Each structure stands twice: as structure tokens, then as C-alpha cells.
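Just so we're aligned, residue 12 is where the sequence shown starts under the numbering used here, counting upward by one. Report on one structure; see the data block that follows.
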Amino acid sequence: MKINAIIAGPAEGWRAKMFKDDDFNKVICFDPFEDNEDNKNIISVKKCLFSESCEKKFYVCNKRQCSSLFKPNYDFIKDRWKTVPEKYKIDKEITVDCDILDNHIQEKDEYDLFTIDTQGAELDIIKGAKNSTDKIKVMLVEIYNKPFYENSSLFKETDPYIKSLGFDLVGKLRGYDLFDDYFYVSRKYRKTEQVKFIHNKYRSRLKKP
């Protein structure tokens with residue numbers, strides 16, 4: 012079976028690597044730094060997904076995967092670890108183009124998996140996909156439970172919104188208190204073969220929500 016996927020954040024993330032390249036029919040990756048020229052299955056869009064089409068400041072941290080549209084909350088980080096780990100220190104601030112997912116999804120499109128790993132922008136991204144979520148079967152969303160990034164969305168706000176779009180929370184992958192990767196399945200598509208295929212990829216890692 013081959014699936015169609017949308018990735019918000021780096022495609023090199025381990026979420027995507029739960030699959031083999033042959034598992035994908037088409038992948039759209041939204042990330043301001045990636046081009047994925049070596050992978051013919053990936054369409055790269057060098058923009059950040061967000062709740063509106065705009066330009067925004069982007070905080071590039073020493074570890075790229077820690078970078079975000081939201082500034083790291085150094086007061087919270089220092090309170091937790093007494094210091095700021097090197098990987099969360101800001102290397103530079105740049106301006107990036109942002110867009111809503113709805114502008115990239117056609118009426119006839121269907122996507123099986125939507126992964127979001129954007130360090131605090133998850134709720135904004137999903138609000139910009141209000142006309143697209145009906146075409147998505149599974150969402151895997153990294154959501155923070157603590158204010159690790161300034162003014163970013165937390166689980167207590169993001170989870171009810173996702174559920175209001177017709178998704179059920181099936182499990183989480185890590186069991187961390189700071190953040191986790193939450194696995195949501197569309198009620199509309201829950202019995203489809205694509206959902207079963209994706210669920211089986213993560214089944215051994217899933218913990219009760």
C-alpha cells in the first residue's frame with residue numbers, strides 16, 4: 012500500500028522515517044530550509060504553515076529541530092534546567108513566508124497522514140487547515156504540555172480543537188511530561204485500509220493518552 016502524506020516541519024524527522032520511501036505515493040513537505048531534491052516522492056514547499064498567509068519572524072536555534080516561529084521561553088527553561096541548553100540558544104532571527112494549508116490542497120485531494128512538528132505552531136497550523144482536515148485520515152501532532160515557547164499553543168487548547176474537527180485521540184508515542192506526539196484518527200475514515208496501515212506502523216509505540 013502507498014499513502015499520501017503532508018509534513019509540517021523537517022522531513023528528516025523520525026516520524027517520517029517510520030515508513031520506507033516505497034510506502035509513499037506523494038508527500039508535501041512544508042519547511043523553510045528543506046529542498047528534498049534527492050527524494051522524487053517529496054514536493055518541497057519552502058514556507059512555514061500557519062493560520063494565515065504572512066511573513067513572520069523565525070527563531071533559528073543552534074539545533075535546527077528546536078527552531079520555531081515562537082521564541083524559546085528562557086524563563087521557563089531556566090526554571091526547569093537552571094540554564095539554557097546550547098541547542099535552544101538562538102543563532103539568528105530570520106523572516107520566513109507563511110501560508111495556510113488550505114491554499115495547497117485541492118478539492119479532489121485526499122491525504123492519509125498529516126504530521127506536524129513545528130515547536131509550538133501546531134494549533135495555528137490546524138486552524139489554517141479548516142477546509143482540508145476533512146480530507147485527512149490520521150494526524151500525528153507534537154504538542155507541548157508546558158510553555159516551552161513564548162505565546163505558543165499547548166495541549167489543553169489544541170486537543171479539544173482537533174477533536175472538534177472529527178478526530179479521536181488514539182494514543183501518544185513518548186510519555187513525556189513536557190511534550191508528546193499525539194496520534195489522532197478521523198472518525199470518518201477510521202475503518203479504512205489506509206488508517207489500519209498507518210496505525211500498524213506506530214502500534215508498538217503507542218501509549219494510552
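All C-beta atoms, glycine included, are put in the ideal place defined by N, C-alpha and C. Owing to the predicted nature of the structure, the values given are computational and were not obtained by experimental measurement.
Where in the region 85–113 do unbroken runs of the beta strand (DSSP E), each at least 3 residues long, occur, reported from the N-terminal end onward?
For the region 85–113, whole beta strand (DSSP E) runs of length 3 or above, ordered along the chain, are 101–110.
With respect to the beta strand (DSSP E) encompassing D135, which residues constitute its N-terminal and C-terminal limits?
Here residue 135 refers to the residue found at position 124 when the sequence shown is read from its first residue. Element bounds for D135: not the beta strand (DSSP E) but the alpha helix (DSSP H), 133–138.
Over the uninterrupted alpha helix (DSSP H) stretch that includes F208, give me the two end residues.
Walking along the sequence shown from the start, residue 208 turns up at place 197. Here the alpha helix (DSSP H) through F208 covers 204–213.
Which value, in whole angstroms, describes the spacing of the CA atoms of Y213 and G131?
The residue you call residue 213 lines up with position 202 of the sequence shown. The residue you call residue 131 lines up with position 120 of the sequence shown. Distance between the alpha carbons of Y213 and G131 is about 23 angstroms.
Which stretch, first to last residue, makes up the beta strand (DSSP E) that contains E121?
For the purposes of this step, residue 121 is identified with residue 110 of the sequence shown, where counting begins at 1. No beta strand (DSSP E) contains E121, which DSSP labels as neither H nor E.
Cα-Cα, which of I147, F87, P96 is closest to K74?
Along the sequence shown, one-based indexing puts residue 74 at 63. Of the candidates I147, F87, P96, the one whose C-alpha sits nearest the C-alpha of K74 is P96.
Quick one: what's got a C-beta closer than 7 angstroms to I105's C-beta in the same chain, skipping five residues either side?
Your numbering for residue 105 matches position 94 in the sequence shown. For I105, where only same-chain residues beyond five positions count, the Cβ hits under 7 angstroms are F69, V71.
Taking 8 angstroms as the threshold (C-beta atoms), are K13 and D32 in contact?
Here residue 32 is taken as the residue at index 21 of the sequence shown, counted from 1. Here residue 13 is taken as the residue at index 2 of the sequence shown, counted from 1. Taking 8 angstroms as the Cβ cut-off, D32 and K13 do not qualify as a contacting pair.
Could you check which residue in Q117, F61, S78 has the C-alpha nearest to that of F159?
Indexing the sequence shown from 1 puts residue 159 at position 148. Taking only the C-alpha atoms, the option nearest F159 is S78.
Helix, strand or coil: how does DSSP classify Y195 here?
On the sequence shown, position 184 is the one that residue 195 refers to. In the structure shown, Y195 sits in a strand (DSSP, three-state: E or B).
Are the region 132–144 and the region 159–178 touching, with three or more C-beta to C-beta distances below 8 angstroms?
With the cut-off at 8 angstroms, the region 132–144 and the region 159–178 touch.
Cα separation between D110 and D90?
Residue numbering aside, residue 110 sits at position 99 when the sequence shown is read from its first letter. Residue numbering aside, residue 90 sits at position 79 when the sequence shown is read from its first letter. In a straight line, the C-alpha of D110 is about 34 angstroms away from that of D90.
Let me check one thing: in DSSP terms, what residues is V149 bridge-paired to?
In the sequence shown, residue 149 corresponds to position 138, counting from 1. DSSP lists L124, V196 as partners of V149.
Taking only three categories from DSSP, how would you classify I18?
To locate residue 18, count along the sequence shown from 1; it is residue 7. Strand, per DSSP.
Between V196 and F178, which are expected to be in contact by the criterion C-beta below 8 angstroms, what is the C-beta distance as a whole number of angstroms?
For this step, residue 196 is matched to residue 185 along the sequence shown. For this step, residue 178 is matched to residue 167 along the sequence shown. About 6 angstroms separates the two Cβ atoms, so the contact holds.
Can you give the beta carbon distance from D192 to L180, rounded, assuming they're within the 8 angstroms contact cut?
For the purposes of this step, residue 192 is taken as residue 181 along the sequence shown, with counting starting at 1. For the purposes of this step, residue 180 is taken as residue 169 along the sequence shown, with counting starting at 1. Not confirmed; about 12 angstroms, so no contact.
Hey, N142 and D113: beta-carbon distance below 8 angstroms or not?
On the sequence shown, position 131 is the one that residue 142 refers to. On the sequence shown, position 102 is the one that residue 113 refers to. Cβ distance < 8 angstroms, so N142 and D113 count as in contact.
How is E63 classed by DSSP in three states: helix, strand or coil?
As a position in the sequence shown, residue 63 is number 52, starting the count at 1. In this structure, E63 counts as coil in the three-state DSSP scheme.
Less than 8 angstroms between the C-beta atoms of G186 and F61, yes or no?
Indexing the sequence shown from 1 puts residue 186 at position 175. Indexing the sequence shown from 1 puts residue 61 at position 50. The answer is no: Cβ separation not under 8 angstroms.
Candidates F87, K199, Y155, W92: which alpha carbon is nearest S175's?
Counting from one through the sequence shown, the residue named residue 175 turns up at place 164. Comparing Cα-Cα distances from S175 to each of F87, K199, Y155, W92, the minimum goes to K199.
Report yes if the C-beta distance between K100 and L80 is below 8 angstroms; otherwise report no.
Position 89 of the sequence shown, counted from the start, is the residue given in the question as residue 100. Position 69 of the sequence shown, counted from the start, is the residue given in the question as residue 80. No, they are not a contact pair.
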